[in-house]
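No gaps in the numbering here: position 19 of the sequence shown is 19 in the UniProt record's numbering, and each next residue is one more.
For every residue, glycine included, the Cβ atom is placed at its ideal position computed from N, Cα and C.
What follows is a set of notes on a single structure, which appears directly below.
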Amino acid sequence: MHARMNHPVMVLPEAMNHLQSLGNLTKQGLPEKLLELVHLRASQINGCSVCVDMHPKIARKLGETDERLFAVSAWRDAPYFSDAERAALALTEAVTRLADREDPVPDAIWNEAAKHFDERELATLILSIATINVWNRLNATIKMPVGVWKV
């Protein structure tokens, strides 16, 4: 399987620089393992096979367990996640599925996240969710094959 075109960030390297800078910025202030769970959940929702393949590998290198990684898509029913992780995953789903409801990010989801994260951490989390959604959409649009990005 081949991508439809060269990856847009390879065609426009300055875009890669900006996305990488944003990605690096979002690694400050929140645990990387949490961010990898967020990236995996958004990627599952968006059907980005590249990221669904890549983010568990990164998470494992950070010490994440297979048990938790396998349960991310069913986090509401799995006992493995802290209240803060649940709040981050709920926010991830809401931000990723903006068009699915009249109130894209309901107050209940926002308020739960705000219980666990201060304003700077929320900003980091929101930017991280937005960034992975950009990567998911780029990869899905050009049909980037799994295994191209190495961890």
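>> Tell me the rounded alpha-carbon separation between glutamate 36 and glutamate 67.
In response: Stepping through the sequence shown from its first residue, residue 36 is reached at position 36. Stepping through the sequence shown from its first residue, residue 67 is reached at position 67. Answer to the nearest angstrom: the Cα atoms are 14 Å apart.
> To the nearest whole angstrom, what separates the beta carbons of leucine 91 and isoleucine 109, a pair I think is in contact under 8 Å?
Replying inline: In the sequence shown, counting from the first residue as 1, residue 91 sits at position 91. In the sequence shown, counting from the first residue as 1, residue 109 sits at position 109. The pair is a contact, with the Cβ atoms about 6 Å apart (cut-off 8 Å).
> Can you find at least 3 beta carbon pairs, one from the stretch 32–47 and one from the stretch 84–103, that sit closer than 8 Å?
Replying inline: yes
>> If distances are taken between C-alpha atoms only, which option among Gln20, Thr26 and Glu14 comes closest to arginine 120?
In response: Locating residue 120 in the sequence shown gives position 120, counting from the first residue. Comparing Cα-Cα distances from arginine 120 to each of Gln20, Thr26 and Glu14, the minimum goes to Thr26.
> To the nearest angstrom, how far is it from the Cα of arginine 76 to the Cα of glutamine 20?
Replying inline: Start at 1 with the first residue of the sequence shown, and residue 76 comes out as number 76. Start at 1 with the first residue of the sequence shown, and residue 20 comes out as number 20. So the alpha carbons of these two residues sit roughly 31 Å apart.
>> Starting from proline 8, trace the alpha helix (DSSP H) in both directions and tell me its first and last residue.
In response: Looking up residue 8 in the sequence shown gives position 8. Where proline 8 is concerned, the enclosing alpha helix (DSSP H) stretches over 8–11.
>> Using only CA atoms, which one of Asn139, Pro56, Ala130 and Ala140 lies nearest to serine 73?
In response: On the sequence shown, position 73 is the one that residue 73 refers to. Closest by alpha carbon: Pro56.
>> Rounded to whole angstroms, what is the Cα-Cα separation between phenylalanine 81 and lysine 143?
In response: Translated into positions along the sequence shown, residue 81 becomes position 81. Translated into positions along the sequence shown, residue 143 becomes position 143. Their Cα atoms are separated by approximately 32 Å.
>> Within a Cβ cutoff of 8 Å, which residues of the same chain sit near alanine 3, ignoring the five residues on either side of it in sequence?
In response: As a position in the sequence shown, residue 3 is number 3, starting the count at 1. Shown here for alanine 3: same chain residues with a beta carbon closer than 8 Å to its own, the five before and five after excluded, namely Ile142, Lys143, Met144, Pro145 and Val148 in chain order.
>> What does the Cβ neighbour count give for alanine 99, buried or exposed, with the cut at 16 atoms within 10 Å?
In response: Numbered from its first residue, the sequence shown carries residue 99 at position 99. That one is exposed.
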